[in-house]
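So for the sequence shown, my numbering puts the first residue at 2; every next one is plus one.
We put the beta carbon where it would ideally sit given N, CA and C, even for glycine.
As the structure is a computational prediction, the values presented were derived from the model and not from experiment.
Shown next, in structure tokens, is the structure this report addresses.
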Amino acid sequence: MSKRILAVALALGILATSNAFASRSRTSVLGTGDNGMYLTGGSFFYDDARNIFYNPAYVNDFKNWGIIEKSNFPGTTAEGGFVSSLSSFNLGVYLNRVSGENNLVGNMASLNNQRPIELFFGGDMNNVKWGIGVDYSMFHSAAGGGTTDTNLVLHAGAEVADFEPFGWATVIGNEKTAGTPAGTSDNKYKTYGVGLRYKMGEWLPYAGWREDKVAPNGGDGTKVDAFIVGLGRTTKIGEGARMNYAIAFARQAANNGGGTHSAVPLDISVEADANSWLTARAGLSHNLYDRTGDTSLAENTTGRVGLGIHAGKGDIDFTVGKQALASSQTAETGGIADAQINDISNGFFSQLSVGYHW
């Protein structure tokens, strides 16, 4: 009996190690459940440490870890941070996640020159877990008469019973660019969003709405509304092996004749512990329906693979792929893992991270 208990404890320990820590490589392979049309980090249909980027309340579930990430995709070359317990609270700091500044309408002119910093703070009050987040970035250049970009977005989320609501709103989103043909461009960028996940055992329905807009020089500007509804599930399929799958409906609609984009993404992924030090991952994303206006998009299926190596409390995660400029780029993948060409010399470590959890 004692041997069986020990074996079960070791198996659970290995499983917990694989799930307790996460990286951009992991979410790139396993999928995000939104077809890249809503999230800028994390995933809807399984639990992951990167989910703190849309619901900071998860800082209470995924704590005491640090990570440094590298990528071949321009604009996301390096990022990293940590989450640590602070008395009865939890505090997180994350640096240079440029994808967090993405706007559905169009990004600021100097997006890749900014150096974002994200702060997370949360606590657990008996049956309620809560969290708040602050996303700040700024860029200034004296060239050409002066360019200034400033972003400040507030996030909030909670876990109440099996309900997990979240939301965010822009406080500051200013871009001033001199030297344009019309003189000085003064744009106001805004993003707002609300959403909810609900846990029903292994099943996880989710829904979200967001609106992004830009108003040039005080005008009415352009806006894009996006919403998503989906159903996901994570289930154990063997000793140390898990399957994740989800189906959703996502839609983006732009004013000013910008048209619509509608999709029904199906995500299927498997994560299995080959042994105590190696985890293999594979994911398939297939769009059952994907149209811009009345035109179907050609790239409707992608396959991704990756590995996680564990050594004590350390982890090395990487995604196999090659830099590619696919029309189905998302904030997490950047088209890298969807490349049709994969070889050691050009992209075996297209996304690479080293992390530690304590």
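Out of the options, point me to the one whose CA is closest to residue i's CA.
i	options	result
Ile229	His287, Thr223, Leu197 and Ile118	Leu197
Ser26	His358, Gly147 and Asp316	Asp316
Asn1	Asp35, Tyr47 and Thr41	Because the chain spans 2 through 359 in this model, residue 1 falls outside it and cannot be assessed.
Thr223	Glu102, Trp169, Thr192 and Gly81	Thr192
Asp163	Ala143, Gly132, Val99 and Lys200	Lys200
Ser138	Ile118, Leu267 and Ala144	Ile118
Phe121	Leu87, Gly233 and Ala338	Leu87
Ser89	Thr293, Val60 and Phe319	Val60
Lys237	Trp204, Val225 and Ala216	Trp204
Pro266	Gly147, Leu279, Arg292 and Asn256	Arg292
Ala312	Leu289, Thr280 and Gly304	Thr280
Pro206	Glu102, Thr320 and Glu165	Glu165
Thr360	Asn152, Val161 and Glu160	Only positions 2 to 359 of the chain appear in the structure, and residue 360 is not among them; the question remains open.
Nearest-angstrom Cα distance between residue i and residue j?
i	j	result
Ile310	Thr78	21 Å
Glu272	Thr302	19 Å
Phe140	Ile53	25 Å
Gly1	Ala227	In the structure displayed, the chain extends from 2 to 359; residue 1 sits before or after that span and is not available.
Ile68	Thr149	30 Å
Lys314	Ser277	12 Å
Ser263	Asp221	25 Å
Thr235	Phe167	21 Å
Phe350	Gly32	18 Å
Asp125	Ile133	12 Å
Trp210	His156	14 Å
Asn256	Asn127	44 Å
Trp66	Asn114	27 Å
Lys177	Ala144	12 Å
Tyr190	Thr41	16 Å
His358	Gly123	18 Å
Glu212	Trp131	24 Å
Ser328	His287	Since pLDDT at Ser328 reaches only 44, below the 50 mark, its modelled position is unreliable, and the value read off the structure follows with that caveat. Distance between the alpha carbons of Ser328 and His287 is about 14 Å.
Thr28	Gly43	7 Å
Gly1	Phe45	As shown, the chain starts at 2 and ends at 359. That puts residue 1 outside it, with no answer to give.
Ile248	Ser142	44 Å
Leu289	Arg305	18 Å
Gly356	Phe63	13 Å
Ser3	Ser72	Since pLDDT at Ser3 reaches only 44, below the 50 mark, its modelled position is unreliable, and no value is offered.
Ser24	Arg51	7 Å
Ala239	Gly322	The displayed chain sequence assigns Gly, not Ala, to residue 239. Answer to the nearest angstrom: the Cα atoms are 27 Å apart.
Glu160	Gly233	18 Å
Tyr55	Tyr95	13 Å
Arg243	Pro217	48 Å
Glu102	Gly202	33 Å
Asp268	Ala208	16 Å
From what residue to what residue does the alpha helix (DSSP H) around residue i run?
i	result
Arg27	Arg25 to Leu31
Would residue i pass as a contact of residue j if the rule is Cβ separation under 7 Å?
i	j	result
Gln362	Met38	The shown model of the chain, from 2 to 359, leaves out residue 362, and the question about it has no answer.
Arg282	Val30	yes
Ala251	Asp35	yes
Gly158	Pro57	yes
Ser274	Gly307	A small fix is needed here, since residue 274 is Asp in this sequence, not Ser. It is not a contact, given that the beta carbons lie outside the stated cut-off.
Glu70	Gly82	no
Ser100	Leu92	no
Arg116	Asn97	yes
Asp318	Ser354	yes
Gly409	Ser270	Since the displayed the chain opens at 2 and closes at 359, residue 409 lies outside it and no answer follows.
Asn188	Val154	no
Gln106	Val225	It is worth fixing the name first, because residue 106 is Val in this sequence and not Gln. It is a contact, given that the beta carbons lie within the stated cut-off.
Ala299	Thr320	no
Gly147	Trp169	no
Terminal residues of the continuous beta strand (DSSP E) containing residue i?
i	result
Thr280	Leu279 to Thr293
Ala157	Thr148 to Val161
Arg234	Thr223 to Gly239
Asn276	Gly260 to Asn276
Pro383	Absent from the model: residue 383. The displayed extent of the chain is 2 to 359, so no value can be given.
Thr320	Gly315 to Val321
Tyr246	Ala242 to Ala255
Trp359	It is not in any beta strand (DSSP E) - Trp359 carries neither H nor E in the DSSP assignment.
Val60	Note, Val60: premise wrong, no beta strand (DSSP E); not H, not E.
Tyr39	First-last for Tyr39: undefined, no H or E at that position.
Met126	Ile118 to Met126
Met201	It is not in any beta strand (DSSP E) - Met201 carries neither H nor E in the DSSP assignment.
Tyr55	Counting along the chain, Tyr55 falls outside any beta strand (DSSP E), and DSSP gives it neither H nor E.
Thr303	Thr302 to Ala312
Any beta-carbon of chain C closer than 7 Å to the one on residue i?
i	result
Arg198	Of the protein chains in this structure there is only one, and it is not chain C.
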